[in-house]
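Undergrad:
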Amino acid sequence: MKIAIGIPARMGSTRFPGKPLALLAGKPMIQHVIEKALAADLGPVFVATDDERIAQIARAAGVIACMTRPDHPNGSNRLAEAVREIPCDVVINVQGDEPLIDPAAIRAVVEPFNHDAYLPMATLAHPIRQADDLHDPNVVKVVCNAKGRALYFSRAAIPYPRSGSATALQHVGLYAYRKEFLLIYPSLDVCETEEAEQLEQLRVLHHGYDIAVSIGDFHCIGVDTPADLSRAEKLLTGN
58 MKIAIGIPAR MGSTRFPGKP LALLAGKPMI QHVIEKALAA DLGPVFVATD
108 DERIAQIARA AGVIACMTRP DHPNGSNRLA EAVREIPCDV VINVQGDEPL
158 IDPAAIRAVV EPFNHDAYLP MATLAHPIRQ ADDLHDPNVV KVVCNAKGRA
208 LYFSRAAIPY PRSGSATALQ HVGLYAYRKE FLLIYPSLDV CETEEAEQLE
258 QLRVLHHGYD IAVSIGDFHC IGVDTPADLS RAEKLLTGN
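In the working numbering, the protein residues as written are 58 to 296.
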């Protein structure tokens, strides 16, 4: 099974414009993500972007830079355009705002493909660590069936603890796709739940495709705001 790691990155973040080039411990954030992807040692790494400045950093780091259209609504669509010329069977989506992603998590997300030749997509989750996170809309939750497939993702509290405590899972925004599925993803109609929750993976479930969810102790802290960047800086530098 040939694996490639794609990093979608854009400059036009609403909450944090120019985020991929923001300095983190003296290096652009996108460079940290590239280094983590390379450390996973699974196959070629490519950056999918519409900005030449990001592409230059990718080339300097020794990975492939794929220039894409600027109008993609999400990272999956951007990767689908870029991956057409990348020889692989499975594509991992390491988002460009995950400078602290654990290479072990990147390796873990592809494991379900070794056991299911028809699996279209996979992701990760871990048990929620803080009670307040269950009701935090910035923390995405996932509920799975007995076979480890996602039933639903939500920003709301699922499962809702109406009678006592419930084991809740926090979704980790790391994805892997079988290449042929990723290529058809952009052609799938957007669904109401995807638009309501602003979660691109809900389109996959709406159209009847499986998403395997591997559960473990995965530590992935994304950077969505300048405050998140400061927190990541402290974690990296220890001060």
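Using N, Cα and C, we set each Cβ at its ideal position, and we do this for glycine too.
Thinking just about the alpha-carbon of each residue, which of Val199, Glu290, Arg141 is nearest to the one in Ile241?
TA: The residue given as residue 241 occupies position 184 in the sequence shown. Comparing Cα positions, the closest option is Arg141.
Undergrad: Around the Cβ of Met58, are there at least 16 other Cβ atoms within 10 angstroms (buried) or fewer (exposed)?
TA: For the purposes of this step, residue 58 is taken as residue 1 along the sequence shown, with counting starting at 1. Exposed: under 16 other Cβ atoms inside 10 Å.
Undergrad: In three-state terms, what does DSSP make of His228?
TA: The sequence position of residue 228 within the sequence shown is 171, counting from 1. Strand.
Undergrad: Mind checking whether Ile62 and Leu99 have CB atoms under 9 Å apart?
TA: Position 5 of the sequence shown, counting from 1, holds the residue named residue 62. Position 42 of the sequence shown, counting from 1, holds the residue named residue 99. Contact: yes.
Undergrad: Pull the bridge partners of Thr106 from the DSSP assignment, please.
TA: On the sequence shown, position 49 is the one that residue 106 refers to. Ala66, Met124, per the DSSP bridge assignment.
Undergrad: Whose C-alpha, out of Leu286, Phe170, Ala137, is nearest the C-alpha of Ala244?
TA: As a first step, residue 244 is located in the sequence shown; it is residue number 187 there, counting from the start. First, the amino acid is wrong: residue 244 is Ser here, not Ala. Ser244 has its Cα closest to that of Ala137, out of Leu286, Phe170, Ala137.
Undergrad: CB Ile149 to CB Ala94, shorter than 9 Å?
TA: Here residue 149 is taken as the residue at index 92 of the sequence shown, counted from 1. Here residue 94 is taken as the residue at index 37 of the sequence shown, counted from 1. Result yes, Cβ atoms of Ile149 and Ala94 sit closer than 9 Å.
Undergrad: Just checking my contact of Gly273 with His172 at CB under 8 Å: how many whole Å lie between their CB atoms?
TA: On the sequence shown, position 216 is the one that residue 273 refers to. On the sequence shown, position 115 is the one that residue 172 refers to. Contact doesn't hold; Cβ gap of about 16 Å is too wide.
Undergrad: What is the rounded straight-line gap between the Cα of Pro160 and the Cα of Leu231?
TA: One-based indexing of the sequence shown puts residue 160 at position 103. One-based indexing of the sequence shown puts residue 231 at position 174. Answer to the nearest angstrom: the Cα atoms are 11 Å apart.
Undergrad: Opposite Ile268 in the DSSP bridges: which residues?
TA: To locate residue 268, count along the sequence shown from 1; it is residue 211. Bridge partners of Ile268: Met178.
Undergrad: With C-beta atoms as the reference, is Ser211 less than 9 Å away from Leu256?
TA: For the purposes of this step, residue 211 is identified with residue 154 of the sequence shown, where counting begins at 1. For the purposes of this step, residue 256 is identified with residue 199 of the sequence shown, where counting begins at 1. Yes, these two residues count as a Cβ contact at 9 Å.
Undergrad: How should Gln88 be labelled, buried or exposed, when 16 other C-beta atoms within 10 angstroms of its C-beta is the threshold for buried?
TA: Residue numbering aside, residue 88 sits at position 31 when the sequence shown is read from its first letter. Classification for Gln88: buried.
Undergrad: What is the C-beta distance between Ala179 and Val166, in whole angstroms, given that I count them as a contact (C-beta under 8 Å)?
TA: Looking up residue 179 in the sequence shown gives position 122. Looking up residue 166 in the sequence shown gives position 109. Yes, Ala179 and Val166 are in contact; Cβ-Cβ is about 6 Å, under 8 Å.
Undergrad: Run through DSSP, which three-state label would Phe210 get?
TA: Residue numbering aside, residue 210 sits at position 153 when the sequence shown is read from its first letter. Correct three-state label for Phe210: strand.
Undergrad: Please state whether DSSP places Leu80 in a helix, a strand or coil.
TA: For the purposes of this step, residue 80 is taken as the residue at position 23 of the sequence shown. Leu80 falls in the strand class under three-state DSSP.
Undergrad: Taking Asp154 and Asp281 to be in contact with their CB atoms under 8 Å, please state how far apart those CB atoms are, rounded to whole angstroms.
TA: For this step, residue 154 is matched to residue 97 along the sequence shown. For this step, residue 281 is matched to residue 224 along the sequence shown. Rounded, the Cβ-Cβ distance is 7 Å, consistent with contact.
Undergrad: Kindly indicate the opening and closing residues of the beta strand (DSSP E) around Val196.
TA: Here the question's residue 196 lines up with position 139 in the sequence shown. Careful: Val196 lies outside any beta strand (DSSP E) and carries neither H nor E.
Undergrad: Which term fits Glu251, buried or exposed, when burial requires 16 or more other beta carbons within 10 angstroms of its beta carbon?
TA: Here residue 251 refers to the residue found at position 194 of the sequence shown. Buried, by the Cβ-count rule.
Undergrad: Once the 5 residues before and after Leu81 are set aside, which same chain residues still bring their CB inside 7 Å of it?
TA: Within the sequence shown, the letter at position 24 stands for residue 81. If we look at Leu81 and ignore the five residues flanking it on each side, its Cβ neighbours are His89, Pro156, Leu286, Ala289, Glu290, Leu293.
Undergrad: List the residues that DSSP assigns as beta-bridge partners of Met201.
TA: Numbered from its first residue, the sequence shown carries residue 201 at position 144. Checking the sequence shown, residue 201 turns out to be Cys, not Met. Paired residue(s): Ala207.
Undergrad: Could you spell out the range, first to last residue, of the beta strand (DSSP E) harbouring Ile241?
TA: Translated into positions along the sequence shown, residue 241 becomes position 184. From DSSP, Ile241 is part of no beta strand (DSSP E) but of the alpha helix (DSSP H) over 236-241.
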